[in-house]
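So this note's numbering is basically just the index in the sequence shown, starting at one, shifted up by 381.
Okay, structure first, notes after.
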Amino acid sequence: MEHINKNRLFLASCLALITTAMTFAIRARLETVFGPEGVGLTLEQLGYAFAPAFFGFTIAMIIGGPLVDLLGIKKITWMAFVTHAVGIVLTLMADSMTSLFVATLCIGIGNGMVEAALNPMVASLYSTEKTKMLNRFHVWFPGGIVIGAVLGWLIMDVMGLSWQVMVATLFVPLIIYGVLFFGQNMPITERVQLGISNKKMFLSVFKPLFLFMVFCMLLTAASELGTTQRIESLLKESVAAPLLVLAFINGIMALGRLFAGKVVHRLKPSGMLLYSAILTFIGLWLLTLASGGMVFAAAAVFAVGVTFFWPTMLGFVAEYLPETGALGLSIMGGAGMFSVSIVLPIMGNLMDTGSAGEALRTMSILPAILIAAFVGLNIYMKKYKTVTTQHV
382 MEHINKNRLF LASCLALITT AMTFAIRARL ETVFGPEGVG LTLEQLGYAF
432 APAFFGFTIA MIIGGPLVDL LGIKKITWMA FVTHAVGIVL TLMADSMTSL
482 FVATLCIGIG NGMVEAALNP MVASLYSTEK TKMLNRFHVW FPGGIVIGAV
532 LGWLIMDVMG LSWQVMVATL FVPLIIYGVL FFGQNMPITE RVQLGISNKK
582 MFLSVFKPLF LFMVFCMLLT AASELGTTQR IESLLKESVA APLLVLAFIN
632 GIMALGRLFA GKVVHRLKPS GMLLYSAILT FIGLWLLTLA SGGMVFAAAA
682 VFAVGVTFFW PTMLGFVAEY LPETGALGLS IMGGAGMFSV SIVLPIMGNL
732 MDTGSAGEAL RTMSILPAIL IAAFVGLNIY MKKYKTVTTQ HV
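Listed below in structure tokens is the structure:
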């Protein structure tokens with residue numbers, strides 16, 4: 382059996398996710414560069430220009446999921462590296478809505494390929510503690526956003542350098558993760574290890590429980606990323622440096638995911654999701670009312686709410702629906718990003734024609750629906766556990 386360096390692969394995976402996450406923070410800062418006070422795009426046009434970051438991600442994950450099993454994790458990882466590199470170069474050259482759209486599409490595809498390859502790889506490397514290690518891997522999504530947000534603030538707001546310098550910082554984690562992955566053996570996916578056929582995998586994604594989780598993923602991702610991606614526009618009237626609020630939110634998220642193992646043990650995935658939805662709803666409502674320093678207090682509640690959404694949704698599917706394989710994880714991630722691509726222009730329109738407080742109130746509808754959904758999931762999982770125990 383080929384030697385697999387778990388620690389090096391996990392570190393490389395984290396750096397690939399940092400690259401992905403930094404693009405989100407940097408894109409949020411580019412709102413003011415390309416927006417009404419800069420290049421002159423309306424907030425709705427910016428929504429359309431940035432939307433391919435999310436539907437490009439979706440396309441890559443839906444295509445990449447089945448290809449991970451067919452071509453192997455290594456090839457999909459290198460596809461991510463190449464499309465990331467091309468996307469960064471094209472972003473540096475962007476000067477209009479169209480060129481920004483194309484650049485963002487490439488980066489979105491790169492980001493999707495990272496998740497398509499590396500979520501199943503982490504699940505395969507740590508098959509006995511999937512939810513814990515997926516949370517630990519996803520520490521570096523908020524962690525990378527903190528890095529990108531602080532760098533963007535330092536480079537543009539403190540040092541007064543150009544936005545191109547900020548975008549060029551993405552080459553640092555890109556090159557490092559490329560070097561770390563180079564020449565490494567990678568595991569086969571868990572679905573292949575278990576010998577589950579393609580037919581069974583494709584049929585399993587039509588199970589009612591899986592479809593329910595896909596529906597919930599649409600709402601959890603939009604609640605989290607729809608809000609944080611438009612943080613500059615949402616909070617520019619409420620606080621002096623919205624990008625620091627973004628860093629603050631993601632700092633809390635990173636810490637929460639780092640210690641997710643204890644929370645998973647106590648609450649189980651379905652319990653974590655219910656508490657997350659409740660706090661997200663409260664946090665969004667508080668953000669509609671807060672100004673000045675109180676924005677950070679409201680943002681803290683929101684941050685605790687959204688901390689466990691993404692990795693726990695993936696962990697739930699990996700744990701309770703393993704037969705869906707890499708395809709299941711890819712559909713989940715793809716659905717999440719697709720929903721954000723729909724929400725961004727809608728939020729832009731609400732802000733163009735109304736106000737940021739109105740946009741936040743509209744967004745709070747999503748976690749309200751999730752509270753009801755996850756109450757139902759908790760009831761179902763108690764019955765599921767009872768039936769499973771009886772059959773053991």
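Beta carbons are placed, not taken as given, at the ideal position from N, Cα and C, and that holds for glycine.
None of the values given here were measured: they were computed from a predicted structure.
With 16 other CB atoms within 10 Å as the buried threshold, where does residue i fall?
i	result
Leu625	buried
Gln426	buried
Arg647	exposed
Lys820	The chain is shown from 382 up to 773; residue 820 falls before or after that span and cannot be answered.
Asn579	exposed
Thr705	buried
Glu412	buried
Gln545	exposed
Ile443	buried
His384	exposed
Met537	buried
Gly576	exposed
Pro589	exposed
Phe587	exposed
Thinking C-beta only, is residue j closer than 7 Å to residue i?
i	j	result
Met547	Ile407	yes
Pro433	Thr485	yes
Asn631	Ile526	yes
Thr601	Met694	yes
Pro692	Asn566	no
Ser657	Phe436	no
Gly419	Pro726	no
Ala393	Val520	no
Leu535	Thr550	no
Ile612	Ile752	no
Phe677	Met653	no
Met598	Gly491	no
Gln610	Ala430	no
Ala681	Leu667	no
Gly529	Ala707	no
Leu592	Asn759	no
Met713	Val698	yes
Ser651	Glu571	no
Put residue i into one of helix, strand or coil per three-state DSSP.
i	result
Lys380	Residue numbering for the chain in the displayed model covers 382 to 773; residue 380 lies beyond these limits and cannot be assessed.
Gly642	helix
Asn730	helix
Asn492	helix
His519	coil
Asn386	coil
Val620	coil
Lys588	coil
Met540	coil
Leu471	helix
Ile630	helix
Asn566	coil
Val420	coil
Thr601	helix
Ala393	helix
Gly696	helix
Arg572	helix
Glu510	coil
Rounded to whole angstroms, what is the Cα-Cα separation between residue i and residue j?
i	j	result
Ala621	Gly673	8 Å
Ile488	Leu627	20 Å
His467	Pro703	Per the sequence shown, residue 467 should be read as Val rather than His. Val467 and Pro703: Cα-Cα distance of roughly 34 Å.
Arg742	Thr669	7 Å
Met594	Leu542	44 Å
Pro501	Trp459	15 Å
Ser477	Gly421	9 Å
Val470	Phe552	9 Å
Gly416	Leu481	12 Å
Ala720	Gln574	It is Ser, not Ala, that sits at residue 720 in the sequence shown. Those two C-alpha atoms are separated by around 32 Å.
Lys764	Phe755	14 Å
Ile569	Gly453	7 Å
Val685	Glu605	11 Å
Pro554	Ala461	13 Å
Met744	Asn386	43 Å
Leu584	Val503	24 Å
Leu424	Thr479	15 Å
Gly715	Ala441	8 Å
Using alpha carbons as the reference points, say which of the options lies closest to residue i.
i	options	result
Met494	Leu448, Ala504, Phe518, Asn516	Leu448
Leu731	Leu615, Val685, Ala716, Ser711	Leu615
Ala498	Phe415, Gly428, Phe562	Phe562
Ile750	Pro554, Phe662, Leu590	Phe662
Lys649	Glu510, Leu747, Ile556, Val414	Glu510
Cys395	Phe591, Tyr558, Gly529	Tyr558
Pro748	Ala680, Asp450, Ala603, Tyr701	Ala603
Tyr507	Gly696, Thr439, Ser736	Gly696
Ser619	Thr472, Tyr701, Phe640, Ala671	Ala671
Ala737	Gly607, Glu700, Gly637	Gly607
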